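Report on one structure; see the data block that follows.
2 protein chains.
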Amino acid sequence: MTYEGQQLLTRLDDDGTLTVEIVPQSWEEPSGSQILVRVEAAPINPSDLGLLFASADTAGADYSPGKVVAKMPEAATRAMQARHGIAMPAGNECAGTVVAAGEAPAAQALLGKRVACVPGTAYATYALADAAMAMPLAEGVTAEQGASSFVNPMTALGFVETMRKEGFTGLVHAAAASNLGQMLVRICAEDGVPLVNIVRSEAQVKLLRDLGAEHVLDMTAPGFDAALTDAIHATGAMLGFDPIGGGTLAGQILAAMERSASRGAAFSRYGSSVPKKVYIYGALDTGPTILNRAFGLTWDLGGWLLTPFMQKAGSEVVGRMRARVMKDLTTTFASHYKARVGLEEMLSKEAVGAYNARRTGEKYLVVP
Amino acid sequence: MTYEGQQLLTRLDDDGTLTVEIVPQSWEEPSGSQILVRVEAAPINPSDLGLLFASADTAGADYSPGKVVAKMPEAATRAMQARHGIAMPAGNECAGTVVAAGEAPAAQALLGKRVACVPGTAYATYALADAAMAMPLAEGVTAEQGASSFVNPMTALGFVETMRKEGFTGLVHAAAASNLGQMLVRICAEDGVPLVNIVRSEAQVKLLRDLGAEHVLDMTAPGFDAALTDAIHATGAMLGFDPIGGGTLAGQILAAMERSASRGAAFSRYGSSVPKKVYIYGALDTGPTILNRAFGLTWDLGGWLLTPFMQKAGSEVVGRMRARVMKDLTTTFASHYKARVGLEEMLSKEAVGAYNARRTGEKYLVVP
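Which chain is which? The protein sequence lines are A and B, in order.
Start counting the first sequence at 1; every next residue gets the next number (the working numbering).
Start counting the second sequence at 1001; every next residue gets the next number (the working numbering).
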């Protein structure tokens, strides 16, 4: 049988025109280890927006029901040459009910069950997924509770795994009031990992303090650099994760680490020899990263991405992480949403304007 | 017996006054494994200038015979708090004759010999060094030929060792017309390592081509980014070394690596998964590093410093590197100097203005 529904597609043409639209789509019966999931809830994560809209001008776009036509800046259009003219599905993760399954036992075992999965095509009525990558939700767990069970939880756990693997003993996290940041606060509390949280307002300071976070710093407050140095000194946190990317923050974290490492030490023209590292894992600010290199010559700045991390970590580690997420899905790994929208509604001017601003605490959930 | 002579000292006071002067100094008889070297030639490397003058205003300084008094910018003064009020010797490396030695056999064996060493106090009449770190120069090798046998040669060899250890197969080198850059051209030719040289003028292009370098790019020429991408594509060089630090070059190298890695590949919103890395190993430009992050999320930028590299590499590797330098000191590892100055003369306005400009090809040699 064929399953009829709708699918979001995003296409960038070589003239810089970006077209995002909901189109009719049909799905065939799955085969082998594949399952067909009726999508019931799919979050819009910052990592989805890079594909959905990238740096297109959504404020000045044309909106019609189920369709957005926007202009992409010239440099970005050139940089994304490999996607010119290709209508691409989007939506990394979702939860829903398995309505059909291939003949493989692993697939058949999921038939009728509610699962969380990572199809990469989640903004749609249905999504095809591999049974091996789908996790059945526990009895009583809703699709909404299971929708964000992959990207944020695995990323937050990945930070702690990375810290241990690279020999660090504490973490600094920027934009820490996000859903992911809140998870990280709870994970670090459970695991006894010292954590320095950097947020952007007094309200966010309160939010994280109410979660039990000890070190929460408002980067917009006077004396931030000194407070950051003190917090790093108190925690020994020499590994940072920054989803902002643009601006001076990554360099400020490295400089604070350096000041902490050099405290009381004799002068060295090359700075301290204590390893200090910041990973950029997002691009909330797509502007340039500006490093005022006041941190000697023992430092590292790099990109961090979930998929290569998991490949390097190996299936045993990933399996253990996945099991932990499923066990604590409604507590440690709970997500919060500002609004719920249907497939067509997710392309309304109001919705795009809200979630594409990538403001902390304003995550949208798509409920097709 | 006591050895009388002169010594350069550099002192930064907490009000930002930097005083660099030549003062009378006496040296006692060495003991144990120590040797006393009469300094005959000591280069002024960029790595020495960070201690000698750092970012002080040498153009507006007061000059008197054997003395410079300059103003340090406020931020730099604060950043170097640990050296306030301390008169520090300078001069990483030198060559000279061993005039006295401690009782240890290793020290006694060097008595009367001409050696290269790394005392950190080389701008002086004499320098105390450890016999284990001193290398006797071969018959017929002059002090001038042996003066720069450590910092530049070991750094250039360290780049190739780092490349191998980290699994890369080619190098990109910025400011490649320097003494160090010329050594790297010869080392890479001998070892069959593909090398992309980035220089800053047509004259420097010619200089390196005359040395046999294949890929030499003028970063001031139109089409530099495209040419860099092509050269990286031709060589597979995904590891860069940059002594400039400030400005956009490190990011341009990463972006060119990314364009090369993505050539012909399907679109990925996160960029290619090929590892790309740039090490900053100097600060010819002390301004901010500006990264226009057009290189996905699989990238690394870090600081590189000779001492921690050698500690990690271990004594066997370092011993092999040292032996190679000594063997080919007057060929592969030959250095060139623009001028020779005495101890007092090195603090003249003319000399400081010339070598503190850190221009490629204008290295000074101190001959006390």
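Ideal Cβ positions, reconstructed from N, Cα and C, are used throughout, including at glycine.
The model shown is predicted, which means the values in this text are computed figures rather than measured ones.
- Assigned with DSSP and collapsed to three states, B:Arg1038 falls in strand.
- No Cβ-Cβ contact shorter than 9 Å links B:Gly1251 with B:Ala1221.
- If you ignore the 5 residues before and after A:Ser26, its C-beta comes within less than 7 Å of the C-beta of Thr2, Tyr3 and Glu4, all in its own chain and listed in chain order.
- Contact of B:Leu1291 with chain A is assigned, a C-beta pair being separated by under 9 Å.
- Contact residues of the region 1044 to 1077 of chain B toward chain A are Gly1050 and Leu1051 (C-beta to C-beta distance below 7 Å).
- In the DSSP annotation of this structure, A:Ser26 is not part of any alpha helix (DSSP H); the continuous beta strand (DSSP E) holding it starts and ends at Thr17 to Trp27.
- Contacts with chain A (Cβ-Cβ distance below 7 Å) from the region 1147 to 1159 of chain B involve no residue at all.
- The C-beta distance from B:Val1160 to B:Ile1232 rounds to 17 Å, too long to fall under 8 Å, and the pair is not in contact.
- Residue burial is scored here from C-beta neighbours: A:Gly302 has at least 16 other C-beta atoms within 10 angstroms and is therefore classed as buried.
- Taking each of B:Pro1153, B:Leu1009, B:Ser1178 and B:Met1219 in turn and checking the Cα distance to B:Ile1187, the smallest one comes out for B:Pro1153.
- Closest by C-alpha distance to A:Asp62, out of A:Ala174, A:Thr19, A:Ser178 and A:Leu284, is A:Thr19.
- Residue nearest to A:Ala256 within the set A:Ile244, A:Glu166, A:Val274 and A:Leu8 is A:Val274 (criterion: CA-CA distance).
- Inside the region 182 to 252 of chain A, DSSP marks whole alpha helix (DSSP H) runs of 4 or more residues at positions 202 to 210 and 224 to 235, from first to last along the chain.
- For B:Ser1273, the residues of chain A that pass the 7 Å Cβ criterion are Pro308, in the order they occur in the chain.
- Of the residues B:Arg1263, B:Phe1309 and B:Met1135, the one whose Cα lies closest to the Cα of A:Arg78 is B:Arg1263.
- Taking 4 residues as the shortest admissible run, the region 321 to 349 of chain A contains no complete alpha helix (DSSP H) segment at all.
- For A:Ala266, same chain residues with a beta-carbon under 8 Å away, outside a window of 5 residues either side, do not exist.
- With 16 or more other Cβ atoms inside 10 Å of its own Cβ, B:Gln1204 counts as buried.
- Within a 10 Å sphere around the beta-carbon of A:Val278 sit 16 or more other beta-carbons, which makes this residue buried.
- The beta-carbon separation of B:Gly1096 and B:Arg1038, rounded to 5 Å, stays under the 8 Å limit for a contact.
- In terms of Cβ geometry, A:Ile244 and A:Ala283 form a close pair [threshold 9 Å].
- Contiguous beta strand (DSSP E) elements confined to the region 48 to 114 of chain A occur at 62 to 64, 67 to 71 and 94 to 101, taking only those with 3 or more residues.
- The beta carbon of A:Leu207 is closer than 7 Å to those of Ala177 in its chain, skipping five residues each way along the sequence.
- In the structure shown, the three-state DSSP call for B:Thr1286 is strand.
- When rounded, the separation of the alpha-carbon atoms in B:Phe1333 and B:Leu1217 is 23 Å.
- Around the Cβ of A:Arg320, a 10 Å sphere holds fewer than 16 other Cβ atoms; the residue is exposed.
- Counting only residues of its own chain and dropping the five nearest sequence neighbours on each side, B:Pro1136 has a CB closer than 6 Å to the CB of Lys1113 and Val1115.
- Straight across, the Cα-Cα distance linking A:Tyr281 with A:Pro308 is about 12 Å.
- From the listed residues A:Gly66, A:Gly287 and A:Leu51, the smallest Cα separation to A:Ile22 is found for A:Gly66.
- For A:Val151, the closest of A:Gly314, A:Tyr123, A:Met133 and A:Val118 by C-alpha to C-alpha distance is A:Val118.
- Counting of Cβ neighbours within 10 angstroms places B:Asp1191 among the exposed residues, the total staying below 16.
- A:Thr169 is classed as exposed because its beta carbon has fewer than 16 other beta carbons within 10 Å across all chains shown.
- Around the Cβ of B:Arg1083, a 10 Å sphere holds 16 or more other Cβ atoms; the residue is buried.
- Identification of residues in the region 244 to 278 of chain A having a C-beta nearer than 7 Å to some C-beta of chain B yields Gly245, Ser262, Ala265, Ala266, Phe267, Arg269, Tyr270 and Ser273, given in sequence order.
- Chain order gives the chain A residues near B:Gly1296 as Gly303 and Leu305, where near means a beta carbon separation below 9 Å.
- Nearest to A:Ser348 by alpha-carbon distance, out of A:Arg269, A:Ser64 and A:Thr289, is A:Ser64.
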